[in-house]
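Worksheet: the structure to be examined is printed underneath.
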Amino acid sequence: MGQNARTEKHPMLNPVVLLVMAGLLLGIIFFFANLTTPLAIVAFIVIGVTVLLTAIDMFSQLKAGHWGLDILAVVAMIATLAVEEYLAGLIIALMLTGGEALEEMAAGRASSQLDSLINRKPTFAHMLDGDGVTVHRIRINEVKIGDTLVVRGSEVVPVDGQLRSNHASLDESSVTGESLPVTKQTGDDIISGTVNSTETLQMRATSTAADSHYSKIVQIVEEAVHSRAPMVRLADRYAVPFTIISLIIAGVAWWYSGDPVRFAEVLVVATPCPLLIGAPVSFMGGMSSAARANVIVKDAGTLERLANVKSAAFDKTGTLTRGAPTVARIEPVNGSVRDTLQLAASAEQYSVHVYAEPIISYARSQQLDFVAVTEAEEVATNGVAATTGAGDELRVGKSAFIAEVVPEFSELELHAGETAVYVSRAHQLIGIIILADPLRATSKATLEWLSEHGVEDMVMVTGDMKGTAQAIAKELDFAPDQVYASMTPSDKVKIVQQLPAPTLMVGDGINDAPILATADVGIAMGARGATAASESADAVITSENFSRLADVVHISKRTANIAMQSIWFGIAVSLGLMSIAAFGYLPATIGALLQEVVDVVAIMIALRALRLHRKLPSTTLNEPVGELQTQAVS
25 MGQNARTEKH PMLNPVVLLV MAGLLLGIIF FFANLTTPLA IVAFIVIGVT
75 VLLTAIDMFS QLKAGHWGLD ILAVVAMIAT LAVEEYLAGL IIALMLTGGE
125 ALEEMAAGRA SSQLDSLINR KPTFAHMLDG DGVTVHRIRI NEVKIGDTLV
175 VRGSEVVPVD GQLRSNHASL DESSVTGESL PVTKQTGDDI ISGTVNSTET
225 LQMRATSTAA DSHYSKIVQI VEEAVHSRAP MVRLADRYAV PFTIISLIIA
275 GVAWWYSGDP VRFAEVLVVA TPCPLLIGAP VSFMGGMSSA ARANVIVKDA
325 GTLERLANVK SAAFDKTGTL TRGAPTVARI EPVNGSVRDT LQLAASAEQY
375 SVHVYAEPII SYARSQQLDF VAVTEAEEVA TNGVAATTGA GDELRVGKSA
425 FIAEVVPEFS ELELHAGETA VYVSRAHQLI GIIILADPLR ATSKATLEWL
475 SEHGVEDMVM VTGDMKGTAQ AIAKELDFAP DQVYASMTPS DKVKIVQQLP
525 APTLMVGDGI NDAPILATAD VGIAMGARGA TAASESADAV ITSENFSRLA
575 DVVHISKRTA NIAMQSIWFG IAVSLGLMSI AAFGYLPATI GALLQEVVDV
625 VAIMIALRAL RLHRKLPSTT LNEPVGELQT QAVS
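Here it is, written out as structure tokens:
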């Protein structure tokens, strides 16, 4: 059925589907009661409404250059009315509307991808008045360039600007993809969409809300979604040759027999219901299997596109890597590894910095007892100063913070993507804790699987610096020309557009929303909560297991194969039945009922897609490849 007939949230409650079901029930009653006139009235009303609505949608599709299988069903229904095969016509109407209803269920009717993304935009700002004392709340669109704004702890930066405070610590992970917090000094640029830490900051607006970084991301997503070509129904690709062959057979049968009923009898069994039903049921089963594999696929077209993907782009932070700092190693200086970790974790209990939690968690995993702390003070953007129960003065934080109390201090040389937390007691450097954002356990194995299964070109696109990106790329065997670092959202879009289609993009965070919408298939790593990436993506991996990407690609390929088997089964059976009907051995009503049997068989073939989750590639990709190792604490 056409779009005009798809108005209800649940397709099986569509008023046209209900009308056809009621009409068929009445038709059966009238048929066996030999009430010809009531049967004819019901058939003309029900089939007439079905034909009219289908024709309206079909005409709009034809104007857009799309030729669907619905035209054959319309001709068949009109033919049954002309030769008074009313019950057969009602059965065709049910198969047509029922098949479309199943297709709608398979598509899932995902809600607007942009609503949530747009709703995430900051709606207000706090402006500091000219007296330098009074702060009042204003609407985001009232912010002017040059206004002094106040951003409280954990608030989103409303517009682009320059920092007026002495320092600030910002979480830019949702915008740039950088997993570690960024420290800013007076005069540094800060961008909208980033999250302030716990300390209130002041900034000078350098853009309006409409021209801010976040708004540009939203605009790119909107343009990408609206420019995407509509998905052509899989079965419709066979519509033109199948329709022509069916009409030729029906026409020849009519000409040879001289009986117009023969024309209707052929078209009744030519109605491509297995094609209309089998493919949607296959994709609905594939979507169900994907959900069981922790991947939510938003529409059936995603599975079909994903089955044919030729190139893929991957974000780094939070996609190929875990997206959170982890203790990589501990370098003892004037103490042991145990002392360094124990003192650091004891002091970090009084910190809200992003580095605190991984250090504390690692210490607990090593079953260390914390030392008693009588006093503690967090020095913003620097670290924690604490006093132990034994009277020792502790400092945990940046090198400059430690250098204030430790003479002849020198910084540790770090690898790309690493950051250091220094630990001192009294005037001695006890040790250094190195944190990094490690690869996900199955990243390398998953990329190798994709390469072996048809993905010919793969690149990494990231907002991180080149050194950090290259360090991760080396572990994944990416060549230098496969790595694109320091990329803005617009840059990422251009990179994906240059890749061979169909394209796949995998990412997370607001900064990945435009590229996810631009790619033929966008998949978001969404286990850490609903993000702009999830809203713009075609599918969302709801676990932290990166190998689920291989699972959903595998399910897509198998689903497409099953759908094709169902389609070819429908074509073969329809051709066979048309041949029988052409010689007058298959009455229209019997043919329509026989088509129902064929439909059941086609559905049984298609339902095999429901079992695809039982054997997945991830079961063989669980070896920790590229896993970051830390030394045991002793």
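Note that my numbering has the sequence shown beginning at 25, numbered continuously upward. C-beta atoms are modelled at their ideal positions from N, C-alpha and C, and glycine is treated no differently.
Burial state of Leu436 is exposed, judged by a 10 Å Cβ sphere holding fewer than 16 other Cβ atoms. Taking 9 Å as the cut-off, the Cβ atoms of Leu50 and Pro62 count as close.
The DSSP-derived three-state label of Ile457 is strand. Cβ neighbours of Ile164 within its own chain (closer than 7 Å, five residues either side excluded): Pro146, Thr147, Phe148, Ala149, Pro182, Ala233. Taken through DSSP and simplified to helix, strand or coil, Lys518 comes out as helix. The three-state secondary structure of Pro524, taken from DSSP, is coil. When only Cα atoms are considered, Asp195 and Gly211 end up about 18 Å apart.
For the 9 Å CB-CB criterion, Leu459 and Ala387 do not form a contact. For Gly347, the secondary structure class from DSSP, reduced to helix, strand or coil, is coil. For the 9 Å CB-CB criterion, Met529 and Asp323 do not form a contact. A distance of 9 Å or more separates the beta carbons of Val430 and Ala414. Straight through space, the alpha carbons of Glu179 and Val219 are spaced by roughly 6 Å.
Annotation note: the segment 408–438 contains the following uninterrupted alpha helix (DSSP H) runs of length 4 or greater, listed N- to C-terminal: 423–427. Its chain contains Ala317, Thr466, Asn569, Ser571, Arg572, Ala574, Asp575 as the residues whose beta carbon lies nearer than 8 Å to that of Ser642, once the 5 sequence neighbours on both sides are disregarded; these appear in chain order. Here Tyr446 carries a strand assignment [DSSP, helix/strand/coil]. In this chain, the alpha helix (DSSP H) harbouring Gly51 covers 39–56. Residue pairing for Tyr508: DSSP places it in a beta bridge opposite Val485. Excluding five sequence positions before and after Leu500, the CB atoms of its chain that fall closer than 8 Å to its own CB belong to Leu344, Leu463, Ser467, Lys468, Leu471, Met484, Gly650, given in chain order. Between Leu367 and Gln390, the C-beta spacing is not below 9 Å. Note that the C-beta distance between Phe56 and Leu105 is not below 9 Å. Cα atoms of Gly455 and Tyr374: separation of roughly 19 Å, rounded to the nearest angstrom.
Excluding residues up to 5 positions away in sequence, Leu225, Gln226 lie with their Cβ nearer than 6 Å to the Cβ of Ser189 in the same chain.
DSSP places Asp501 in the coil class of the three-state scheme, outside both helix and strand. Taking the Cα of Gly275 as reference, the smallest distance to any Cα among Ser434, Tyr262, Glu289, Val622 is reached at Glu289. The beta carbon of Ala117 sits closer than 7 Å to the beta carbons of Val44, Val70, Ile71, Thr74, Met101 from its chain, once the five residues preceding and following it are set aside; these are given in chain order. Straight through space, the alpha carbons of Leu48 and Ile614 are spaced by roughly 15 Å. Across the set Asp562, Ile519, Ala633, Pro504, the C-alpha of Asp562 shows the shortest separation from the C-alpha of Leu540. 9 Å or more divides the Cβ of Met482 from the Cβ of Ser510.
No residue range can be given for Leu59, since it is assigned to no alpha helix (DSSP H) and is classified by DSSP as neither H nor E. Around His451, the same chain offers Val429, Val430, Pro431 as residues with beta carbons nearer than 8 Å, after the five sequence neighbours per side are excluded.
Residue burial is scored here from C-beta neighbours: Glu399 has fewer than 16 other C-beta atoms within 10 angstroms and is therefore classed as exposed. About 5 Å separates the beta carbons of Ala112 and Val292, which is inside the 8 Å limit, making them a contact pair.
When the five nearest sequence neighbours on each side are left out, the beta carbons in the same chain lying within less than 6 Å of the beta carbon of Ala612 are those of Glu109, Ala112, Ala288, Glu289, Val292, in order along the chain. Here Asn318 carries a coil assignment [DSSP, helix/strand/coil]. Residue pairing for His150: DSSP places it in a beta bridge opposite Arg161, Val174.
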